[in-house]
C-alpha cells in the first residue's frame, strides 16, 4: 500500500505516532495501578458507542464512542475504586454487553452492515485519518502533557502507593478519576486508527515493556511513550507495506517490543 | 491548660460492611511530646485506632480532635500534619521508585498544587535519609531493599514530612532481631529529633515499649489498661484519665 498518495499516508503516520505516545503514556497508569480490566472495558464501550454513531448515521461517530467510554469510567470507576467489584467481574460483565451492543448497532446500521467504516472501528484503518483528526490528537497530546506536568506530584504519589498518598493528605480520589477520564478520552479518540479490539495492546504493551527497563518511574514516563511511538510507527509501516489491518500490525509490533524487553530486561539478569 | 494533641472521646468505629464495631466507646487523650505505645492481641483494634486518628476510617459516634481540630471536618488537611507508617506496607522488588522519591513523596501535600519540590525540599529529604542512616541508599530502587531498610525508608518519610505527630503501626513487624533493634533505635531517634508526639503500635516487648512514656492496652476494641511508665516502675491509671 506504499503506492497510496502522501496526503493519505502522512496523516496516518502522524496520527499513529500521536496515538502511540498518548496510549502508552496513560498505559503507565493502567499497568502500575492494575486498571487493565477497566481499560479493556472502556475500549469495548468506545467501540459500541461508535457503532451506535454509525447506526444513527452521525457525522462523527467518535463522539458517541467518547460518551460510552466516559460512561464506563463514571459507572465502573467507583466500583473498582472501592474494591466493591473485582477486575474479572468488571470484564465478565462489560465485555459481552458492549460487544453484543456494538454488533447489534452495526447490524442495524443503514449501510447494512459491515462496511469498511464499521470494520475500521473494530481493527483500525489507514484510510480513515484526516489532518483535522491529527490536529485534534495533537491538541489532546498537549492537554495530556499539561495534565502530567501540572499534577505530577499527585500522580506520582498515587502510583507509589494509594494508601500512603491518602495518609499523607494527597487528593487521591480526584487524581484517580482524573486519570480514569483521561484514559476514556484517549481510548475514544484513538479508536479510528487502532480499532476498538486492539487499542488495548497499545495501552498495555509499551508501558509494560518500559517497566522492564527502568526502576525509576520518571524514566518509565519517558520510555513508555518512546516505545509506544516506535511500536505504532513500526506497525503503521508494516500495515502499509504488507497490506495488513493497521490495528493488528500495531498490536504485533507492540508485542514484539514487549517480548524483546522481557528477554533483555536488566531486571531479569541474575547477579554473577 | 493546653489542648491534647490527640483527643478521642467515646469513639465507636466499624469497618464498612461489618456489623460489629472495631472500637467501642474509646476515650484517649495524648499530650504534646508524649510517647505512647499501643499494645494488644491481633484484631484488638490497634490499627483501627490509628486509622480513626488520621481520618482514614470514618467513625460512627464520638469526637476525634487532632491539634485541636476536628478530624471529621478537616481529615485530609490534618493528614498533611500527621506522619503515618502503615503496618503491612512492603514494596515488591519491581516497584519503580527510588528511595529518595519515596521519601520526597511525604512532602508533596505540603508543597501544594502546581509546584514541584524545591532545593529546600531536597535538603529536607537528604537530612531525613541521613538521620535514619540510609543516605547511601537514596538512589536505590526501594523494592530492592531489605525489610529493615524499607522500614527505615518509611521512617525517613515520616521525618521528611516534618510532622509533630507520628502514628507508627508495628514499625518492627516481620523483622529479624537485629533489624528490629536497629529500627527501634531509629524510631526513638526520629521521635527525639522531631520532638514529636508519637503513638506506636507494638504487640511485642522490647526497646519500643521500654522507651515509651505510656502503655495503652486494647482488647476487643476497648482500652483495658492505660499505664504511665517510668524507667523504674509502671503505675496503672484509669483509662481516659488524661
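Protein chains in written order, with this note's numbering: chain X, 6 to 277; chain H, -5 to 236.
Here a beta-carbon is modelled for each residue, glycine too, at the ideal position from N, C-alpha and C.
Note that the structure is predicted; figures quoted are calculated from it, not measured.
- 8 Å or more divides the Cβ of residue 175 of chain X from the Cβ of residue 155 of chain X.
- Approximately 5 Å separates the beta-carbon atoms of residue 32 of chain H and residue 210 of chain H; this is inside 8 Å, confirming the contact.
- Boundaries for residue 128 of chain H: no alpha helix (DSSP H) harbours it, and the DSSP string shows neither H nor E there.
- At least one beta carbon of chain X lies nearer than 8 Å to the beta carbon of residue 155 of chain H.
- For residue 96 of chain H, the chain X residues whose C-beta falls within less than 8 Å of its own C-beta are 165, listed in chain order.
- When rounded, the separation of the alpha-carbon atoms in residue 171 of chain X and residue 50 of chain H is 8 Å.
- Residue contact check for residue 9 of chain H against chain X: no CB pair falls below 8 Å.
- Interface criterion not met: the Cβ of residue 166 of chain H is under 8 Å from no Cβ in chain X.
- Between residue 160 of chain H and residue 185 of chain H, the CB-CB gap stays under 8 Å.
- Between the stretch 112 to 119 of chain H and the stretch 242 to 261 of chain X, the count of C-beta pairs closer than 8 Å stays below three; the two stretches do not touch.
- Residue 99 of chain H is positioned such that its CB atom lies closer than 8 Å to that of residue 165 of chain X.
- Using a Cβ-Cβ cut-off of 8 Å, residue -2 of chain H does not count as an interface residue toward chain X, since no Cβ of chain X sits closer than that to its own.
- An exposed status is given to residue 108 of chain H, since fewer than 16 other beta-carbon atoms sit within 10 Å of its beta-carbon.
- Residue 62 of chain X places its beta carbon 8 Å or farther from that of residue 232 of chain X.
- The beta carbon of residue 144 of chain H sits closer than 7 Å to those of 84, 85 and 136, all from its chain and outside the five residues before and after it, given in chain order.
- According to DSSP, residue pairing for residue 135 of chain H in a beta bridge involves H/92.
- Taking C-alpha positions only, residue 82 of chain H is separated from residue 134 of chain H by approximately 21 Å.
- At a beta-carbon threshold of 9 Å, none of the residues of chain X lie near residue 113 of chain H; the nearest stands roughly 16 Å away.
- When DSSP states are grouped into helix, strand and coil, residue -1 of chain H belongs to the coil group.
- Residue 163 of chain H and residue 39 of chain X have their C-alpha atoms some 26 Å from each other.
- In the three-state reduction of the DSSP assignment, residue 213 of chain H falls in the strand class, which pools E and B.
- Pairing residue 22 of chain X with residue 245 of chain X gives a Cβ-Cβ distance that is not under 8 Å.
- Put simply, the CB of residue 168 of chain X is near chain H, with a gap under 8 Å to one of its CB atoms.
- Excluding five sequence positions before and after residue 176 of chain H, the CB atoms of its chain that fall closer than 7 Å to its own CB belong to 142, given in chain order.
- With a contact defined as Cβ atoms closer than 8 Å, residue 50 of chain X and residue 73 of chain X qualify at about 4 Å.
- Counting along the chain, residue 12 of chain X sits inside no beta strand (DSSP E); it lies in the alpha helix (DSSP H) bounded by residues 11 to 37.
- Residue contact check for residue 157 of chain X against chain H: a CB pair falls below 8 Å.
- According to DSSP, residue 25 of chain H shares a beta bridge with no other residue.
- Here the alpha carbon of residue 128 of chain X sits roughly 27 Å from the alpha carbon of residue 216 of chain X.
- Here the alpha carbons of residue 103 of chain H and residue 195 of chain H stand approximately 25 Å from one another.
- For residue 59 of chain H, there is no enclosing alpha helix (DSSP H); the residue is part of the beta strand (DSSP E) that begins and ends at 55 to 60.
- Residue-level contact by beta carbon holds for residue 222 of chain X and chain H, with a gap shorter than 8 Å.
- Per DSSP, the beta bridge partners of residue 33 of chain H are H/211.
- As summarised for the stretch 136 to 194 of chain H, the continuous alpha helix (DSSP H) elements at least 4 residues long and confined to that stretch are 141 to 155 and 171 to 188, given in chain order.
- In the structure shown, residue 93 of chain X falls within a helical segment according to DSSP collapsed to helix, strand and coil.
- Taken atom to atom, the span from the alpha-carbon of residue 224 of chain X to that of residue 230 of chain X is near 10 Å.
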